Structure formats: structure tokens, C-alpha cells
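Peer 1:
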Amino acid sequence: MAHKVQAVVVREKNAPASIETILVPDPGPGEALVDILTCGVCHTDLHYKQGGISDDYPFLLGHEATGVVSAVGDNVTEVAPGDRVILNWRAVCGECRACRRGEAQYCFNTHNATQKMTLEDGTELSPALGIGAFAEKTLVAAGQCTKVDPAADAAAVGLLGCGVMAGIGAAINTGNVRRGDSVAVIGCGGVGSAAIAGAKLAGATTIIAVDIDDRKLEATRKLGATHTVNSKDQDAVEAIQALTDGNGANVVIDAVGRPETYKQAFYARDLAGTVVLVGVPTPDMVLELPLLDVFGRGGSLKSSWYGDCLPSRDFPMLVSHYQQGNLDLDAFVTERITLDQVEAAFDKMHDGSVLRSVVEL
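So the sequence shown is numbered by our numbering: it starts at 8 and just counts up by one.
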């Protein structure tokens, strides 16, 4: 049978997000039906709305979610009805060349539900990142569900489903930040702030936050930043070098994703240091660097996809750190809203007043 539920849909490019009745089928083989508890409002959802991901409208928005499994299809062993889960968009296949070489965090064939959710007239929906969680229920591949402790605050831990995991993982997985390292993070929105929290969790002792917004910089101090740099007022590279004995940071994370900020990251790292790009560039951006500088400075230039995470490994571990007080996920929840406030939450992204608005259902 199909379940009629309320959900947030965008029908065409730049159209307002609207509340619609959608039809969600019962799970088939390998699928899970999930009752959504919370879902964060992420920039990726805004990119879908604006046509920056694809033009496969209408989109069912939302993907940073927690929920409770209400039903599973045949051949599902990972989760069972009643399980509290965080949804993810890296349901690894176990069979592709990345999985076969033991690097499932780079899986090239992640799974989504086979069946389609639809509008009442039968129009098929494209769920954001294969999830579509601004809805009372959603249908996903069972591998997109990671079981976690139900005692943890759903609104906080659900943010591990995308942006917060991307930032933390950029530090601990991609950047391999170690105890005693110096780390600089350029861009202190949700992902950059999470990278700062990740650097603290990994044991970095000098953590430098760089942004042009003093409000964001002040907020990073609560997450672990030991120093802040407003790059409107001072040169970011010079400031980072000055705070690291003239050497540059061991790891510099670009959470903006522009040629200008990447160059800052490149020149602000120590010799043989690491640059991590986790901010997402647009297709038109081009980077130019002297090849001799790339050679002469050594080290590593890395890109971080979803924080190079494995949800089955990283989500429970980070939830445990949250419950022990080592990771302040509550700090990322700026406001708790309802489904009909999603469009207004998109507007708040532009003024820098929120890290995350979280829909509670």
C-alpha cells in the first residue's frame, strides 16, 4: 500500500518550496520505510531548489535526518522496525573497485531505494541525495540507515547525516589531524565550524578559524577555535603563519571552495603540510597555481567527499562522543522549526544568522 504523507517539494527551478501530499510505498526488497523525526536544512537542499544539482524536478527535499524504521522489505538484515537511525547517502555496495580494495568511503555505486515516491497524480519525485526527508515518512535503501542510540537528541545527531559529518570528517578522516597539530579552517559556516570541532576532537592544540563574519568567528570559539582571523581586516595567510611560529599550519581546510580561498589554504600550510578542500566549487571555477610551488612545498592536496566517512563506523562513534560531552553537536542546532518554515529557513542561510535550522516532525 502507499502511505499519504505531508512533505516539502519544489516543482521547478527557484520555485518556492511547498507542502504537498505525497505517496510513499511500502518497502520492497532491500528497502526501509522510515518515520522521520528531524531533518536539518542544508545548503545542498537549496542547491537542488535552485537547479544547481540537476533539473530532475520535482524534488523531494531534505536529507540530514533521523527517524525510526517502521517497516523493512525482504532481505534486510541491517535494521529492524523500531530502530532509531540516522539516514545517509553513502549506502556502500560492497562490490565496486573501491569497496573491493577496502576503501568503501569512496564507493562508486551507493544504493538508493528502487521504488519511487510520487505526487498524488503519479508524478515521480527525485529525493534529495536519494533520501527526501522533509516528509513524515520516506523510503530509502536499508543501507542508508545507520542504527544509533535512541537516547541521543535526534535534532543534534541527525546533522551527522551531511554537513556536520562533512566537516568533522574533513579533519579527522581526510586531513588526518593528529594530537598536537596546528589546524586552520577557512570559512566558518556549518561545515567549517564542524571541521573546527573535528580538529578539537582529534587533539589539535592550535586551531585557527578564518572568516569575514565576526559572529561566526565568535561562535567557533565554543567549538574549539583557539584563535580567530577576520580576513576582511588582515591577510589570512600572514595571520595563520604568525600564529604558527612563521611556518604555517600542519593542516589547512578550505570550507568555502573558491579559487581565492584554496590559494590561501595552499600558502598558509607548513612545508609538507596538508590542504583539504571540503567546500564545493561551482563548475565555472578554475584554479591556477605555479607548478613549481606545488612541487616545492610537498605535502598533500586532498579533496574530502562527505568527510570520507563510513556511516556504519563514524556515526555511532561520533554519537558516543556527543553523549560523553566530547563533541558539542547541540551548538549546531540554531533553531527548531516545522515543515512549513523550510522556505523561510532558506532565507536565513543568506544572512549568516544560523548554523542549522532543524525541522522537527
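The beta carbon of each residue, even a glycine, is placed where N, CA and C say it ideally should be. Every value quoted in this text rests on a predicted model; they were computed, and no experiment measured them.
For Ser189, report the span of its beta strand (DSSP E) as first-last.
Peer 2: From DSSP, the beta strand (DSSP E) with Ser189 extends over 189-193.
Peer 1: Is the beta carbon of Gly253 less than 7 Å from the beta carbon of Ala279?
Peer 2: Cβ distance not < 7 Å, so Gly253 and Ala279 don't count as in contact.
Peer 1: For the putative contact between Thr51 and Cys169, defined by C-beta atoms under 8 Å, what is the C-beta separation to the nearest angstrom?
Peer 2: At roughly 7 Å, the Cβ-Cβ gap stays under 8 Å, so Thr51 and Cys169 are in contact.
Peer 1: Based on DSSP bridge pairs, tell me the residues matched to Asn237.
Peer 2: Asn237 is bridged to Asp218.
Peer 1: Going by C-alpha to C-alpha distance, which of Ala9, Met8, Val12, Leu53 sits closest to Lys355?
Peer 2: For Lys355, the nearest C-alpha among the options comes from Leu53.
Peer 1: So what does DSSP say about Ser319, is it helix, strand or coil?
Peer 2: If DSSP states are grouped into helix, strand and coil, Ser319 belongs with the helices.
Peer 1: To the nearest angstrom, how far is the alpha carbon of Leu30 from that of Asp240?
Peer 2: Taking the straight line from one Cα to the other gives about 52 Å.
Peer 1: Check Ser311 in the structure and name its three-state DSSP category.
Peer 2: Coil.
Peer 1: Starting from Pro266, follow the alpha helix (DSSP H) in both directions and report where the run begins and ends.
Peer 2: First-last of the alpha helix (DSSP H) with Pro266: 266-275.
Peer 1: Helix or strand or just coil, what does DSSP make of Val75?
Peer 2: Residue state, collapsed to three classes: strand.
Peer 1: Which same chain residues, not among the five before or five after Asp156, have their C-beta less than 8 Å away from its C-beta?
Peer 2: Arg91, Pro323, Val326, Ser327, Gln330, listed in sequence order.
Peer 1: Are there 16 or more other CB atoms within 10 angstroms of the CB of Thr212, so buried, or fewer, so exposed?
Peer 2: Thr212 is exposed by the Cβ-count criterion.
Peer 1: Please state whether DSSP places Asp90 in a helix, a strand or coil.
Peer 2: Reduced to three states, the DSSP call for Asp90 is coil.
Peer 1: Check for me: the beta strand (DSSP E) holding Gln13 runs from which residue to which?
Peer 2: That run of the beta strand (DSSP E) goes 9-17.
Peer 1: Would you say the segment 253-271 touches the segment 185-194, given that touching needs at least three Cβ pairs under 8 Å?
Peer 2: The segment 253-271 is in contact with the segment 185-194.
Peer 1: Based on Cα-Cα distance, which residue from Leu298, His118, Lys207 lies nearest to Glu102?
Peer 2: The option with the nearest alpha carbon to Glu102 is His118.
Peer 1: Tell me, to the nearest whole angstrom, how far the beta carbon of Gly165 is from that of Ile93; I am working on the premise that it is less than 8 Å.
Peer 2: Yes, they are in contact, since the Cβ atoms of Gly165 and Ile93 sit about 6 Å apart, within 8 Å.
Peer 1: Taking Ala249 as the reference, which of Asp261, Lys270, Arg276, Ile260 has the closest Cα?
Peer 2: Looking at the Cα atoms, Arg276 is the closest of the given residues.
Peer 1: Find out if the Cβ-Cβ distance for the pair Pro16, Ala352 is shorter than 7 Å.
Peer 2: Sequence inspection shows Val at residue 16; the Pro mentioned does not correspond to that position. Their beta carbons are not under 7 Å apart, which means Val16 does not touch Ala352 by this criterion.
Peer 1: Enumerate in chain order the residues of its own chain whose CB-to-CB distance from Ala148 is below 7 Å, with the five nearest sequence positions on each side excluded.
Peer 2: The residues are Gly37, Glu38, Ala98, His118, Asn119, Ala120.
Peer 1: Please report how far the alpha carbon of Cys316 lies from the alpha carbon of Glu27, in whole angstroms.
Peer 2: Rounded to whole angstroms, Cys316 to Glu27 spans 33 Å at the Cα level.
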